[in-house]
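Visitor: Let me begin by handing over the structure; questions about it come next.
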């Protein structure tokens with residue numbers, strides 16, 4: 001655990017709370033263990049209020065029953081085990097000196113918990 005020895009920090013970390021997606025289960029959208037999926041959102045402001053940066057958390061899919069059963073007991077398979085708040089740093093930071101391009105955009109981190117894989121394939125069509 002980090003300490004600043006009672007001194008106030010000039011640049012405290014931006015801690016962003018976990019939000020569960022209420023009602024997602026009614027549409028079949030759940031984590032491996034049946035808990036609700038979640039995200040962390042810090043709203044944008046000023047000229048960035050209508051722009052979005054979306055980070056999809058990685059995790060690699062579970063490719064066997066054994067692996068998926070284990071994963072249900074971790075943050076990669078259950079929102080029960082996810083951090084209740086996380087620091088937004090780097091590209092998610094609200095500090096212009098750390099993130100000059102996106103500091104004032106809406107920034108969201110979508111948490112990974114279903115064990116699935118997603119990918120894309122684009123074709124260059126002239």
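In UniProt numbering, the protein residues as written are 1 to 126.
For every residue, glycine included, the Cβ atom is placed at its ideal position computed from N, Cα and C.
Report the partner residues of residue 38 according to the DSSP bridge assignment.
Guide: 20
Visitor: Between 81, 33, 84, which has its C-alpha nearest residue 65's C-alpha?
Guide: Residue 65 has its Cα closest to that of 33, out of 81, 33, 84.
Visitor: Mapping DSSP to helix, strand and coil, what is residue 13?
Guide: coil
Visitor: Would you mind stating whether residue 113 and residue 82 have Cβ atoms separated by less than 9 Å?
Guide: yes
Visitor: Locate the alpha helix (DSSP H) running through residue 65, then write down its first and last residues.
Guide: Start and end: 65 to 71.
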